[in-house]
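The sequence shown maps to residues 6 to 184 in the numbering used here.
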Amino acid sequence: MRKVWRSMDNLRDLREASGEEEVARKYRRVAVGGTFEFLHKGHRVLLEKALEIGEKVLVGLTTDELADRLGKKLSKSYDERYRQLKQFFERLGVIDRVEIKPLNDVYGLDILVYNPEYEAIVVSEETKRRAFEINEMRRGRGLRELDIVVVPLIMAEDGKPISSTRIKQGIIDEEGRLL
């Protein structure tokens, strides 16, 4: 069974919490996925955690087709969301450490389930169930399980989670401020 960590402020805290010196090293390859319709504060925290712990970060970006299959009505196309992510990583000066790939299914079959190179996955409290399912599939294929790093949900001013849905509804902005 792989380790599951709640996200800490930094790797030192993560190492101390786990009691293992090996955690201090960065993972070579880390994955994170999402729709990223609005690059809100919660998304940025998730992506920054992946960058903090991974030398190379793969961002699986939900395709328009997958969003349709999941019943999501998006206001931004895949290309718009891709550009938004790319600009975010360019502003941080880390674009050379990031690869953005289309996510065609909820598990990232071609990316994570069949690929032995990845060592960890960064997820939110909302999506951690998927990480356990991915690990189950990897086990079934004889691959090493991914370490799971769980980032807590980021709350808006009203104490409810920041989400793209609430932003689209005009309840909050991308920082979680009430409108």
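Backbone N, C-alpha and C fix where the C-beta goes; we use that ideal spot for every residue, glycine too.
Just so it is clear, the structure is predicted and the values come from calculations on it, not from any experiment.
Going by DSSP, Tyr-87 is part of no beta strand (DSSP E) but of the alpha helix (DSSP H) stretching over 83-97. In the same chain as Glu-104, and ignoring 5 residues on each side of it, the C-beta atoms closer than 8 Å to its own belong to Lys-61, Val-62, Leu-63 and Val-64, in chain order. DSSP places Arg-49 in the uninterrupted alpha helix (DSSP H) bounded by 46-58. Taking 9 Å as the cut-off, the Cβ atoms of Ile-139 and Val-118 count as close.
Distances from the alpha-carbon of Ile-167 to those of Thr-132, Leu-158 and Thr-68 put Leu-158 closest. Taken through DSSP and simplified to helix, strand or coil, Lys-106 comes out as strand. Gln-92 places its beta carbon 9 Å or farther from that of Phe-41.
In the DSSP secondary-structure assignment, Asp-101 is not bridged to any residue.
For Asp-152, the enclosing beta strand (DSSP E) has its first and last residue at 152-156.
Burial of Thr-67 is indicated by the presence of at least 16 other C-beta atoms within 10 angstroms of its C-beta. Shown here, Val-35 sits in a strand according to DSSP, grouped into three states.
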